[in-house]
Amino acid sequence: MGAGHAHKLYRHGHSPVHELPPHCKIAATAAFVIVVVSTPREAMWAFGLYAVLIAAVAAAARIPAGFLLRRLLIEVPFVLFAVLMPFVSQGERVDVLGMSLSVSGLWGAWNVLAKGTLGVAASVLLASTTELRALLLGLQRLKLPPLLVQIASFMIRYGDVITDELRRMSIARRSRGFEARGIQHWGVLAKTAGALFIRSYERGERVYLAMVSRGYAGSMPVIDDVTATRAQWAYSAVLPVTALAVCLMGWTL
Amino acid sequence: MPSLEVSGVAYAYPDGHQALFGVDLTVGRGERVALLGPNGAGKTTLVLHLNGILGGGVGSVTVAGLPVEKRNLAEIRRRVGIVFQDPDDQLFMPTVREDVAFGPAAAGLRGAELEQRVREALEQVGMAGFADRPPHHLSFGQRRRVAVATVLAMRPEILVLDEPSSNLDPASRRELADILRALDVTVLMVTHDLPYALELCPRSVILSEGVIAADGRTRDLLCDEELMGAYRLELPFGFDPRSVAAA
Chain A
1 MGAGHAHKLY
11 RHGHSPVHEL
21 PPHCKIAATA
31 AFVIVVVSTP
41 REAMWAFGLY
51 AVLIAAVAAA
61 ARIPAGFLLR
71 RLLIEVPFVL
81 FAVLMPFVSQ
91 GERVDVLGMS
101 LSVSGLWGAW
111 NVLAKGTLGV
121 AASVLLASTT
131 ELRALLLGLQ
141 RLKLPPLLVQ
151 IASFMIRYGD
161 VITDELRRMS
171 IARRSRGFEA
181 RGIQHWGVLA
191 KTAGALFIRS
201 YERGERVYLA
211 MVSRGYAGSM
221 PVIDDVTATR
231 AQWAYSAVLP
241 VTALAVCLMG
251 WTL
Chain B
254 MPSLEVSGVA
264 YAYPDGHQAL
274 FGVDLTVGRG
284 ERVALLGPNG
294 AGKTTLVLHL
304 NGILGGGVGS
314 VTVAGLPVEK
324 RNLAEIRRRV
334 GIVFQDPDDQ
344 LFMPTVREDV
354 AFGPAAAGLR
364 GAELEQRVRE
374 ALEQVGMAGF
384 ADRPPHHLSF
394 GQRRRVAVAT
404 VLAMRPEILV
414 LDEPSSNLDP
424 ASRRELADIL
434 RALDVTVLMV
444 THDLPYALEL
454 CPRSVILSEG
464 VIAADGRTRD
474 LLCDEELMGA
484 YRLELPFGFD
494 PRSVAAA
């Protein structure tokens, strides 16, 4: 169990970025991503500027480049998809290193790659400077439907409990001489997944019982609230507003 | 006025299985009572009647004079604090502090008053230094104590504990006993741990096949071998209830 995966994304620190209220950071990140995806893909220099902006925020947050780049690896499956596009797309073709590639496919791949990477980088920055708990408070503050916030909150609370349960089941399997080696063992793994589902479902009912016993009547009471000053909002707005300026230049130049 | 008055409660589950056949039980204010009985005797079913989660059968339950009825449920659930067996079920909020605050906040408390409640409850169980920890970072014994704090924060009339000593190591078991003894609250404790019942509860009742089969001083019940045998209650090896000081 230990520290649990719930905290792996967060990098403890006391930078100006860490100290911003969570809802400001969420709003800024979302606005930045929207601006980035609205930028024309032909304005390649704009994406370079966005990358500089991200790097500046990372520096302000004292997030080392290595940490950020390692976190970016999560994007790899999407990159693979983007790499395929020049090969499979139709239309006009060019020869690059002896391979015939589609022009629109190349643009498509660049588009996915550049916008995807910037989006993931922004999210990684948000996650590494904001604790999960604070993210939930921020989402609650931004008036995300309470049910979604509750579901996310329970996911965080019980993620470790369920992982632990899975680990115990795996130990019990192996203690009886079972090792999953190939497709012939998938049946057993599927049954484990089923058993885990039923256990979690039953736990859900017990948790609900405990909640009702303490006065739960459909909505979570607001225990903590987060507030932001004008200055904090202004500070958070620097990133998306600068990005918006770049985007507008991308459309007009 | 007694803290708890159960009279003639009978209940059958929707699948037709009848769990309670007319339970009568009165617990006076400040009493600590152990509810004993073999598995399947209906203990959990009875507990869930105390705060109105189950109901609709015959009979009535009143908590400090207030009948357990639909229109009173919010107040009843504030008065009856149930500590469930698995603290992972009980502690569902991201931090200890929020979990302890859940009950009082659901009852409408806010701000400084809420903070005060939380601090008080955590101090009562000796966990004040752990307020900002996530529950899954605590030991099992600590989680059980926080679970007790979550209901103490509601200042209940009666504290209902489901197997409070289960899965605790001997030191945690004793620490919990010290905490429970120090509380000024009525306690109903469901347990299979007979020495624990003897240590904490001067009075015990035995629930068997959906009725209260015996009610008396804990030591007298535990010393009555015939009675114990009839209800599948067994003392741990080497334990003699006559040889220890009872609660």
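Just so you know, the sequences run in chain order A and B.
At position 5 of the first sequence (counting the first as 1) the number is 5 in my numbering, and the numbers step up by one without a gap.
Just add 253 to wherever you are in the second sequence, counting from 1, and you've got my numbering.
Even glycine gets a Cβ: it sits at the ideal position worked out from N, Cα and C.
Open item on the list: Could you compute how far the alpha carbon of ALA60(A) sits from the alpha carbon of ALA234(A)?
Closed with: As a first step, residue 60(A) is located in the first sequence; it is residue number 60 there, counting from the start. As a first step, residue 234(A) is located in the first sequence; it is residue number 234 there, counting from the start. Rounded to whole angstroms, ALA60(A) to ALA234(A) spans 16 Å at the Cα level.
Task: CB contact flag (LEU97(A), TYR10(A), <8 Å) - done: For the purposes of this step, residue 97(A) is taken as residue 97 along the first sequence, with counting starting at 1. For the purposes of this step, residue 10(A) is taken as residue 10 along the first sequence, with counting starting at 1. No. Outside cutoff.
TODO: Mind checking which residues open and close the beta strand (DSSP E) that includes ILE99(A)?
DONE: Numbered from its first residue, the first sequence carries residue 99(A) at position 99. In the sequence as displayed, the identity of residue 99(A) is Met instead of Ile. Per DSSP, MET99(A) belongs to the beta strand (DSSP E) from 99 to 102.
Task: Residues near GLN90(A) in its chain [Cβ-Cβ closer than 7 Å; skip 5 each side] - done: Here residue 90(A) is taken as the residue at index 90 of the first sequence, counted from 1. Answer for GLN90(A): SER102, listed in chain order.
- [ ] Tell me whether the beta-carbon of PRO347(B) lies closer than 8 Å to the beta-carbon of ARG396(B).
- [x] Here residue 347(B) refers to the residue found at position 94 of the second sequence. Here residue 396(B) refers to the residue found at position 143 of the second sequence. Result no, Cβ atoms of PRO347(B) and ARG396(B) do not sit closer than 8 Å.
- [ ] To the nearest angstrom, report how far apart PHE47(A) and ALA114(A) are at their CA atoms.
- [x] The residue you call residue 47(A) lines up with position 47 of the first sequence. The residue you call residue 114(A) lines up with position 114 of the first sequence. Approximately 7 Å, taken between the alpha carbons.
- [ ] Kindly indicate the opening and closing residues of the beta strand (DSSP E) around GLU258(B).
- [x] Within the second sequence, the letter at position 5 stands for residue 258(B). Segment 257 to 265, the beta strand (DSSP E) holding GLU258(B).
TODO: Name the residue from LEU451(B), ASN420(B), PHE345(B) whose alpha carbon lies nearest to the alpha carbon of VAL286(B).
DONE: Taking the second sequence and counting its residues from 1, the one referred to as residue 286(B) is at position 33. That would be LEU451(B), whose Cα lies nearest to the Cα of VAL286(B).
Task: Proximity below 8 Å, CB of PHE490(B) to CB of PRO448(B) - done: Counting from one through the second sequence, the residue named residue 490(B) turns up at place 237. Counting from one through the second sequence, the residue named residue 448(B) turns up at place 195. In this structure, PRO448(B) does not lie closer than 8 Å to PHE490(B) by Cβ.
Task: CB of VAL321(B) within 8 Å of CB of GLY305(B), strictly - done: Within the second sequence, numbered from 1, the residue matching residue 321(B) stands at position 68. Within the second sequence, numbered from 1, the residue matching residue 305(B) stands at position 52. Contact flag set, yes.
Task: Buried or exposed (CB count within 10 angstroms, at least 16 for buried), ASP160(A) - done: As a first step, residue 160(A) must be located in the first sequence, where it is residue number 160. With 16 or more Cβ atoms within 10 Å of its Cβ, ASP160(A) is classed as buried.
Open item on the list: Nearest by alpha-carbon distance to LEU405(B): which of GLY309(B), PRO417(B), GLU373(B) is it?
Closed with: As a first step, residue 405(B) must be located in the second sequence, where it is residue number 152. The shortest C-alpha separation from LEU405(B) is found at GLU373(B).
- [ ] Look at the alpha carbon of THR117(A) and the alpha carbon of ARG157(A), and state the distance between them as a whole number of angstroms.
- [x] Sequence index remark: in the first sequence, residue 117(A) carries index 117 (1-based). Sequence index remark: in the first sequence, residue 157(A) carries index 157 (1-based). Rounded to whole angstroms, THR117(A) to ARG157(A) spans 29 Å at the Cα level.
TODO: Can you tell me which of SER461(B), ARG472(B), ALA466(B), LEU460(B) puts its alpha carbon nearest to the alpha carbon of CYS454(B)?
DONE: In the second sequence, the residue the question calls residue 454(B) occupies position 201. Cα-wise, what sits closest to CYS454(B) is ARG472(B).
Task: Any chain B beta carbon closer than 8 Å to VAL161(A) - done: For this step, residue 161(A) is matched to residue 161 along the first sequence. Yes, VAL161(A) lies at the interface with chain B (some Cβ there is under 8 Å from its Cβ).
- [ ] Quick one: residues in its chain with C-beta nearer than 7 Å to the C-beta of PRO255(B), no 5 flanking neighbours on either side, listed in chain order?
- [x] One-based indexing of the second sequence puts residue 255(B) at position 2. Once the five neighbours on either side are set aside, the close Cβ partners of PRO255(B) are THR279, VAL280, GLY281, ARG282.
TODO: Below 8 Å between beta carbons is the criterion; list the residues of the stretch 140 to 153 of chain A that meet it against any residue of chain B, in chain order.
DONE: SER153
Task: Near-chain A residues of the stretch 302 to 334 of chain B (beta-carbon distance less than 7 Å), N- to C-terminal order - done: Taking 7 Å as the Cβ-Cβ cut-off against chain A, the residues of the stretch 302 to 334 of chain B that qualify are ASN304, ILE306, ALA327, ARG330, ARG331.
- [ ] Would you kindly report the start and end of the unbroken alpha helix (DSSP H) that includes PHE274(B)?
- [x] Position 21 of the second sequence, counting from 1, holds the residue named residue 274(B). Here PHE274(B) belongs to no alpha helix (DSSP H); instead the beta strand (DSSP E) covers 271 to 280.
Task: Residue interval of the beta strand (DSSP E) (run including MET442(B)) - done: As a first step, residue 442(B) must be located in the second sequence, where it is residue number 189. It spans 439 to 443 - the beta strand (DSSP E) in which MET442(B) sits, taken as one unbroken run.
- [ ] Give the residues of chain A in contact with GLU351(B), contact being defined as C-beta atoms less than 8 Å apart.
- [x] Position 98 of the second sequence, counted from the first residue, corresponds to residue 351(B). What GLU351(B) touches in chain A: ILE223, ASP224.
Task: Proximity winner among PHE87(A), PRO221(A), TRP107(A), relative to SER100(A) (alpha-carbon distances) - done: The sequence position of residue 100(A) within the first sequence is 100, counting from 1. Residue PHE87(A) is the option with its Cα nearest to SER100(A).
- [ ] Assign VAL246(A) to one of three DSSP states: helix, strand, or coil.
- [x] Within the first sequence, numbered from 1, the residue matching residue 246(A) stands at position 246. Correct three-state label for VAL246(A): helix.
Task: Three-state secondary structure (DSSP) of SER175(A) - done: To locate residue 175(A), count along the first sequence from 1; it is residue 175. It is helical.
Open item on the list: For GLY469(B), list the residues DSSP reports as bridge partners.
Closed with: Counting from one through the second sequence, the residue named residue 469(B) turns up at place 216. Answer is SER457(B), bridged to GLY469(B).
Open item on the list: Spatial neighbours of ALA265(B) within its chain, please: C-beta separation below 6 Å, excluding the five flanking residues on both sides.
Closed with: Working through the second sequence from its first residue, we reach residue 265(B) at position 12. Listed in chain order, the non-local C-beta contacts of ALA265(B) below 6 Å within the same chain comprise GLN271, local neighbours out to five positions each way being set aside.
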